[in-house]
Amino acid sequence: MDKIRERIDKLRIECDTANSRAQKAEEQVKSLDAELGKKDVEVNGLKNKIALLETEIQRSERRIEELKSTAAEVEKGSSLAETLQRKLTLVEQQLEDKEKIAKDATEKFRSEQLKAEQAERRATMLEKERDQLERTVSDLTKKYEDTKTELEQTLKDLEGL
């Protein structure tokens, strides 16, 4: 019986040890389950992050293509802009030349206009002088005629005496 008791004690000790190990294992399982849950959340977060990054990569690749296309257009536009700039410079030079010609023509016009105004004033003055001289001639002619008539009359009167 002692042997049985020893055996039972031994089995109890083994049972207690097994229970203790089982509790520790359960605690480890709970701990690992909690850690697994955290890792699942972390994995899901990382999956979302990966999806966002893939979307961002696609957007970036599209943007790169757009920028390459834009760069090609800009390069074409640059040569076009250079051509247009040269044409603009040429047109600006032509405009400056035309403005100079217009300015010279305007100055000549003003000079000629001034000369015309002076000639017009001179003509008006000469017309007034002519009119004055015509009046003077007319007056002198009338005086001459009057004097001639008076002289003829005086000569007739003298002959009659």
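The working numbering puts the first residue of the sequence shown at 10, with every later residue one more than the last.
For each residue, glycine too, the CB sits at the ideal point set by N, CA and C.
One Cα belongs to S40, the other to E23, and the distance between them is close to 25 Å. Where M134 is concerned, the enclosing alpha helix (DSSP H) starts and stops at 11-169. Rounded to whole angstroms, L76 and L61 show a C-alpha spacing of 22 Å. When rounded, the separation of the alpha-carbon atoms in E15 and N28 is 19 Å. In this structure, the CA atom of E129 is about 40 Å from the CA atom of E101. Looking at the backbone, the Cα of K117 and that of R131 are separated by about 20 Å.
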